[in-house]
Amino acid sequence: MNHPHTHQPRGTRATKASPRFLQGAPARLASFGLLALAGALAAFAVAPIAAKETRSAAAGPDASPIYGVTIPKGYRQWQLIAPAIEAEPLNELRAVLGNAKAIKAYDQGTLPFPDGTVLVKLAWRHVQSPEFAPASVPGAATTVQVMVKDSKKYAATGGWGFGRFIDGKPADLAQHQTCFACHQSLVKNHDYVFTRLAP
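Those letters in the sequence shown? Residues 382 to 580, by the numbering used here.
What follows is the structure in C-alpha cells.
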C-alpha cells in the first residue's frame with residue numbers, strides 16, 4: 382500500500398503550531414480515534430461475508446457444487462475395491478477405487494469409515510467385446526464419481542462430500558442435489574456407502 386508523504390517545500394521553515402490549534406488537538410485526535418474504531422468495526426462485520434465468498438471462489442471451476450469436491454490426483458493408481466455392472470437404462474460397467482485409508486478400513490471391516498477416506502467410481506458404457514462375444518468390456522467413459530469423508534465439514538450429509546464429473550468437469554447442481562438422498566435412503570446402515578470389498 383502506498384502511503385502519502387508530507388513534504389516541506391524547499392526554502393521554507395516549519396512554523397510553530399499556534400496555541401489555539403493545540404487547544405483543539407485532543408478533540409480532533411479523539412474524533413479520529415472514533416472514526417478509526419468505526420472503520421475497524423465495519424471491516425470486522427464484513428469479514429465473515431468476504432471470507433465466505435473467498436472460500437467459495439477458492440473451490441474453483443473444477444470443484445463440485447454444494448460440496449467443493451475435486452478429482453483426486455493419482456487416483457488411477459489406487460487399489461480396486463470392487464467392480465460392478467449397472468443394468469439399463471445406464472448400461473454401465475463400473476470400478477470403484479480407494480485411497481490407502483479406504484483400503485485399510487475395508488480390510489479391517491471398519492465402520493464408519495475414518496475421515497480422509499476417498500472413494501472414486503469410474504464408469505463406462507459396457508459394450509460387447511469384438512474379440513470374444515460373451516464378454517462385456519468398457520466402451521465410452523461416462524462419469525467419474527468421488528466420495529470424500531470429512532465428518533465435520535460434511536456433518537449435514539452423513540460426513541460425506543460428493544462429486545460427479547463428466548469429461549473432467551463437475552456435473553450441474555441438480556445432479557449433486559440427489560447424491561446424499563439416494564445414499565441415505567438405501568445404505569445408511571453401511572455408512573452411506575454402496576460398495577463392498579470384492580472377495
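Cβ coordinates follow ideal geometry from the N, Cα and C atoms, glycine included.
Counting the other Cβ atoms within 10 Å of the Cβ of L461 gives fewer than 16, which makes it exposed. In this structure, T524 is the residue among A468, T524, L503, E512 with its C-alpha nearest to the C-alpha of I547. Taking C-beta atoms as the reference points, T576 and V477 count as a pair closer than 8 Å. D488 is the residue among D488, E467, Y456 whose C-alpha sits nearest the C-alpha of A579.
The shortest C-alpha to C-alpha distance from R506 to any of H564, N472, P453 is the one to N472. For N480, the closest C-alpha among the options S532, S510, A536, G455 is that of G455. By the Cβ-count criterion, R457 is exposed, with fewer than 16 other Cβ atoms from all chains shown falling within 10 Å of its own Cβ.
Looking at the backbone, the Cα of F543 and that of I484 are separated by about 19 Å.
Its chain contains D496, G540 as the residues whose beta carbon lies nearer than 7 Å to that of S532, once the 5 sequence neighbours on both sides are disregarded; these appear in chain order. Comparing alpha-carbon positions, the option among M528, Q565, V501, Q558 lying closest to I447 turns out to be Q558. In this structure, the CA atom of Q509 is about 7 Å from the CA atom of P515. When the alpha-carbon of T451 is set against those of A552, A536, L567, the nearest one is in A552. In the DSSP assignment, no residue is bridged to Q565. For L461, the three-state secondary structure derived from DSSP is strand. With contacts defined as CB atoms closer than 8 Å, D443 and L492 fail to qualify as a contacting pair. Here S517 is not near L554, since their CB atoms are 8 Å or more apart. Boundaries of the beta strand (DSSP E) harbouring K530: 517–530, taken from the DSSP string. Residue state for I452 is assigned as coil, using DSSP reduced to three classes. Counting C-beta atoms within 10 angstroms of its own C-beta, F561 has 16 or more neighbours from the protein chains shown and is therefore classed as buried. Counting the other CB atoms within 10 Å of its CB gives A468 a total below 16, which places it among the exposed residues.
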